[in-house]
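Enquirer: 40 is the number of the first residue of the sequence shown in our numbering; add one for each residue after it. For each residue, glycine too, the CB sits at the ideal point set by N, CA and C.
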Amino acid sequence: MKNILVTGGAGYIGSHTAVELLESGYNVICIDNFSNSTEAVFENIQRITGKRFTWYEADVRDAVQLDSIMGAHHIDCVIHFAGYKAVGESVQKPLMYYQNNIDSTLILCERCLKHSINNIIFSSSATVYGRPQYLPLDEAHSLSATNPYGKCKLFIEHMLKDLHIAHSEMNIALLRYFNPVGAHSSYKLGESPRGIPNNLMPYVCQTALGIREKLHIFGNDYNTVDGTGVRDFIHVVDLAKGHVAAVQKMATDPGCVVYNLGTGNGISVLELVHAFEKVNGIEVPYVIAPRRSGDVAECWADPGAAKRELGWKAQLTVEDMVRDSWEAQKALGVHDILQSRQYTASV
Ligand SMILES: NC(=O)c1ccc[n+]([C@@H]2O[C@H](COP(=O)([O-])OP(=O)(O)OC[C@H]3O[C@@H](n4cnc5c(N)ncnc54)[C@H](O)[C@@H]3O)[C@@H](O)[C@H]2O)c1
């Protein structure tokens, strides 16, 4: 297992994973169409690691480009991050989500078969568990989805399981992420979504920076420690290391495997905001807004299978998460964020 193709490698999780792979001695080949990122990310990965790697501006739906990239490199394993990820947007533009997320995976799988690439790691999500029937969520929990984003994840999981049934030589790892936050300690990478953030932490940071007036916290009447939703926040560097562990697992020819990547600890949204304020010494003005439909009260992982079978466990603390998110956001600066808002307005 030497040459790893990373789709969506300029994105938030893909870029952090590329760093960990390079630092673990793998050859990394990244592709991204920059629909939610920029090529500056690739320069920063090279600065952080001091290692050169190959990257392509390419769309995963473009079979011709994939053929030429796969033909040029002897790819051992593909990690498939590329896709759209905003739940709310997926409700408004379902076809755009089905088209990009499902088509890209279909085409990628076909090209993997053609080029005898027998290892695929897929970015799934805790969203596939739907409304938790029990906690912590283990991999045997029932699956369901309530929005097009989640349905894409669920459908792709089925597609990859079927692929393994039909082609037993094909190893598949479905990694179900919980809530990634934080940034690389160099603060050269981070989460810098275009437009209004979908995830909590960029919203917290942008509010602390004064770009947004107030953070909206959706619901404070859940049956939780302080009424706000409870989630399993995981540092993105821990998550990235989980991918390195999954790549190592693929070398053992494991078949089709599924792992939760979370910490196993639930903390409330308000607890996270207060930790951010305390660690960074800055206030985050917030208002309580009505619950969002589809949001669950509590959700956290049982990460036991990943610990047993991958030898992986999240190490970083909530303090690390909030500090690194803030430092990376400040390093990114207001200018870039405002530019990305203009970009969104013009497309
Ligand atoms: N961030 C989260 O909270 C979270 C949680 C669970 C699962 N995931 C999944 O993890 C994966 C990565 O998430 P992320 O947070 O890094 O998102 P991201 O938007 O930062 O990264 C995705 C990257 O894929 C690229 N891309 C999108 N469509 C493409 C295509 N057709 N061809 C080539 N490149 C394309 C984008 O430009 C972007 O750089 C996604 O599949 C997402 O659904 C994310």
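Whose CA, out of Gly-333, Val-357, Arg-270, lies closest to the CA of Gly-127?
Expert: In the sequence shown, counting from the first residue as 1, residue 127 sits at position 88. If you compare the alpha carbons of Gly-333, Val-357, Arg-270 with that of Gly-127, the shortest gap goes to Gly-333.
Enquirer: Answer yes or no: do Ile-70 and Val-99 have a C-beta to C-beta separation smaller than 8 Å?
Expert: Here residue 70 is taken as the residue at index 31 of the sequence shown, counted from 1. Here residue 99 is taken as the residue at index 60 of the sequence shown, counted from 1. In this structure, the beta-carbon distance from Ile-70 to Val-99 falls below 8 Å.
Enquirer: Going by the C-beta, is Ile-70 closer than 7 Å to any heavy atom of ligand 1?
Expert: As a first step, residue 70 is located in the sequence shown; it is residue number 31 there, counting from the start. At least one heavy atom of ligand 1 is nearer than 7 Å to the Cβ of Ile-70, so yes.
Enquirer: Determine the direct distance from the alpha carbon of His-113 to that of Pro-342, and round the result to whole angstroms.
Expert: The residue labelled residue 342 in the question sits at position 303 within the sequence shown. The residue labelled residue 113 in the question sits at position 74 within the sequence shown. Roughly 33 Å separates the two Cα atoms.
Enquirer: Please report the distance separating the alpha-carbon of Pro-175 from that of Lys-352.
Expert: Indexing the sequence shown from 1 puts residue 175 at position 136. Indexing the sequence shown from 1 puts residue 352 at position 313. Looking at the two C-alpha atoms, the distance is approximately 16 Å.
Enquirer: Would you kindly check if the distance between the Cβ of Ile-108 and the Cβ of Ile-68 is under 8 Å?
Expert: The residue you call residue 68 lines up with position 29 of the sequence shown. The residue you call residue 108 lines up with position 69 of the sequence shown. Their beta carbons are under 8 Å apart, which means Ile-68 touches Ile-108 by this criterion.
Enquirer: With C-beta atoms as the reference, is Thr-46 less than 8 Å away from His-119?
Expert: Position 7 of the sequence shown holds residue 46. Position 80 of the sequence shown holds residue 119. The answer is yes: Cβ separation under 8 Å.
Enquirer: Counting along the chain, where does the alpha helix (DSSP H) carrying Tyr-136 start and finish?
Expert: The residue given as residue 136 occupies position 97 in the sequence shown. Counted as a single uninterrupted DSSP element, the alpha helix (DSSP H) harbouring Tyr-136 occupies residues 133-136.
Enquirer: Only counting the same chain, and skipping five residues up and downstream in sequence, which positions put a Cβ closer than 6 Å to that of Phe-217?
Expert: The count along the sequence shown starts at 1 and reaches residue 217 at position 178. Excluding sequence positions up to five before and after Phe-217, its CB lies within less than 6 Å of the CB of Ala-165, Asp-271, Ile-273, Gly-301, Ala-340, all in the same chain and listed in chain order.
Enquirer: Check the C-beta distance from Pro-171 over to Cys-338 and give it rounded, since I have them as a contact under 8 Å.
Expert: Walking along the sequence shown from the start, residue 171 turns up at place 132. Walking along the sequence shown from the start, residue 338 turns up at place 299. Between Cys-338 and Pro-171 the Cβ distance is about 6 Å, and since that is below 8 Å, they are a contact.
Enquirer: Ligand 1 heavy atoms versus the CB of Thr-49: any closer than 7 Å?
Expert: Start at 1 with the first residue of the sequence shown, and residue 49 comes out as number 10. At residue 49 the sequence reads Ala, which differs from the Thr that was named. Checking the Cβ of Ala-49 against ligand 1 gives yes.
Enquirer: Give a single yes or no on whether Ser-76 has its beta carbon closer than 7 Å to a heavy atom of ligand 1.
Expert: Locating residue 76 in the sequence shown gives position 37, where the first residue counts as 1. Because some heavy atom of ligand 1 lies under 7 Å away, the Cβ of Ser-76 counts as near it: yes.
Enquirer: Taking all protein chains shown into account, decide if Ala-367 is buried (16 or more other Cβ within 10 angstroms of its Cβ) or exposed.
Expert: As a working mapping, residue 367 is identified with position 328 in the sequence shown. The residue is buried, with at least 16 neighbouring Cβ atoms inside 10 Å.
Enquirer: Taking only three categories from DSSP, how would you classify Trp-391?
Expert: With the chain represented from 40 up to 386, any question about residue 391 goes unanswered, as that position is not in the structure.
Enquirer: Determine, using beta-carbon pairs with one atom in the region 311-327 and one in the region 241-254, whether at least three such pairs fall under 8 Å.
Expert: yes
Enquirer: Please name the residue in Asp-142, Thr-267, Ala-284 whose C-alpha comes closest to that of Leu-311.
Expert: For this step, residue 311 is matched to residue 272 along the sequence shown. Closest by alpha carbon: Thr-267.
Enquirer: Pick helix, strand or coil for Val-275, following the three-state DSSP scheme.
Expert: As a working note, residue 275 is residue 236 in the sequence shown. Val-275 sits in a helix when the DSSP states are folded into three classes.
Enquirer: In this structure, what does DSSP give as the bridge partners for Phe-161?
Expert: In the sequence shown, the residue the question calls residue 161 occupies position 122. Its beta-bridge partners are His-119, Leu-213.
Enquirer: Got a sec? Which residues, its chain only, sit under 6 Å from Ser-162 by beta carbon, not counting five neighbours each side?
Expert: Numbered from 1 along the sequence shown, position 123 holds the residue referred to as residue 162. Closer than 6 Å at the Cβ level, and outside the excluded window around Ser-162, lie Phe-120.
Enquirer: Based on the DSSP secondary-structure assignment, which residues constitute the bridge partners of Trp-8?
Expert: In this structure the chain extends from 40 to 386, so residue 8 is not present and cannot be described.
Enquirer: Measure the C-alpha to C-alpha separation of His-55 and Ile-84 and round it to an integer number of angstroms.
Expert: As a working mapping, residue 55 is identified with position 16 in the sequence shown. As a working mapping, residue 84 is identified with position 45 in the sequence shown. Spanning the two alpha carbons is a distance of roughly 8 Å.
Enquirer: Which of the three DSSP states, helix, strand or coil, is assigned to Val-269?
Expert: As a working mapping, residue 269 is identified with position 230 in the sequence shown. Three-state DSSP puts Val-269 in a strand.
Enquirer: Among the candidates Leu-60, Asp-363, Leu-254, His-282, whose CA atom is the shortest distance from the CA of Ile-327?
Expert: In the sequence shown, residue 327 corresponds to position 288, counting from 1. With distances taken between Cα atoms, Ile-327 lies closest to Leu-254.
Enquirer: Using the beta-carbon count (16 or more within 10 Å), is Val-297 buried or exposed?
Expert: Residue mapping note: residue 297 aligns to position 258 of the sequence shown, counting from 1. By the 10 Å Cβ count, Val-297 comes out buried.
Enquirer: Over the uninterrupted alpha helix (DSSP H) stretch that includes Cys-295, give me the two end residues.
Expert: Along the sequence shown, one-based indexing puts residue 295 at 256. Segment 295-300 is the beta strand (DSSP E) holding Cys-295; no alpha helix (DSSP H) there.
Enquirer: Looking at the strands, I want to know which residues DSSP matches up with Ile-256.
Expert: As a first step, residue 256 is located in the sequence shown; it is residue number 217 there, counting from the start. For Ile-256, which the question treats as bridged, DSSP gives the partners Ile-327.
Enquirer: Flag this pair as yes or no: are the beta carbons of Ala-49 and Thr-77 separated by less than 8 Å?
Expert: For the purposes of this step, residue 49 is taken as residue 10 along the sequence shown, with counting starting at 1. For the purposes of this step, residue 77 is taken as residue 38 along the sequence shown, with counting starting at 1. Yes, the pair counts as a contact, with Cβ atoms nearer than the cut-off.
Enquirer: Which residue's Cα is closest to the Cα of Glu-62: Asn-75, Val-80, Arg-86?
Expert: Reading the sequence shown from its first residue, position 23 is the one you call residue 62. Checked all of Asn-75, Val-80, Arg-86; the closest Cα to Glu-62 is Arg-86.
Enquirer: Determine the contact status of Ile-156 and Val-117, defining contact as a CB-CB distance below 8 Å.
Expert: Locating residue 156 in the sequence shown gives position 117, where the first residue counts as 1. Locating residue 117 in the sequence shown gives position 78, where the first residue counts as 1. Yes, Cβ-Cβ distance for Ile-156 and Val-117 is below 8 Å.
Enquirer: My understanding is that Val-58 touches Ala-279, with C-beta atoms under 8 Å, so please give their C-beta distance in whole angstroms.
Expert: Here residue 58 corresponds to residue number 19 of the sequence shown, with the count starting at 1. Here residue 279 corresponds to residue number 240 of the sequence shown, with the count starting at 1. Contact between Val-58 and Ala-279 holds: their C-beta atoms lie close to 7 Å from each other, under 8 Å.
Enquirer: Just to confirm, does Arg-100 get its C-beta within under 7 Å of one of the non-hydrogen atoms of ligand 1?
Expert: If you number the sequence shown from 1, residue 100 lands on position 61. Yes, the beta carbon of Arg-100 sits closer than 7 Å to at least one heavy atom of ligand 1.
Enquirer: How would you call Arg-91, buried or exposed, if buried means at least 16 neighbouring beta carbons within 10 angstroms?
Expert: The sequence position of residue 91 within the sequence shown is 52, counting from 1. With fewer than 16 Cβ atoms within 10 Å of its Cβ, Arg-91 is classed as exposed.
Enquirer: Among all the DSSP beta bridges, which residues are the ones paired with Asn-42?
Expert: For the purposes of this step, residue 42 is taken as residue 3 along the sequence shown, with counting starting at 1. Bridge partners of Asn-42: Asn-66.
Enquirer: Roughly how many whole angstroms lie between the Cα atoms of Lys-41 and Asn-259?
Expert: The residue labelled residue 41 in the question sits at position 2 within the sequence shown. The residue labelled residue 259 in the question sits at position 220 within the sequence shown. Lys-41 and Asn-259: Cα-Cα distance of roughly 48 Å.
Enquirer: For Leu-248, which of helix, strand or coil comes out of DSSP?
Expert: Translated into positions along the sequence shown, residue 248 becomes position 209. Leu-248: helix per DSSP, three-state reduction.
Enquirer: Would you tell me roughly how many angstroms separate the C-alpha atoms of Asp-363 and Ala-205, rounded to the nearest one?
Expert: Here residue 363 corresponds to residue number 324 of the sequence shown, with the count starting at 1. Here residue 205 corresponds to residue number 166 of the sequence shown, with the count starting at 1. C-alpha separation (whole angstroms): 43 Å.
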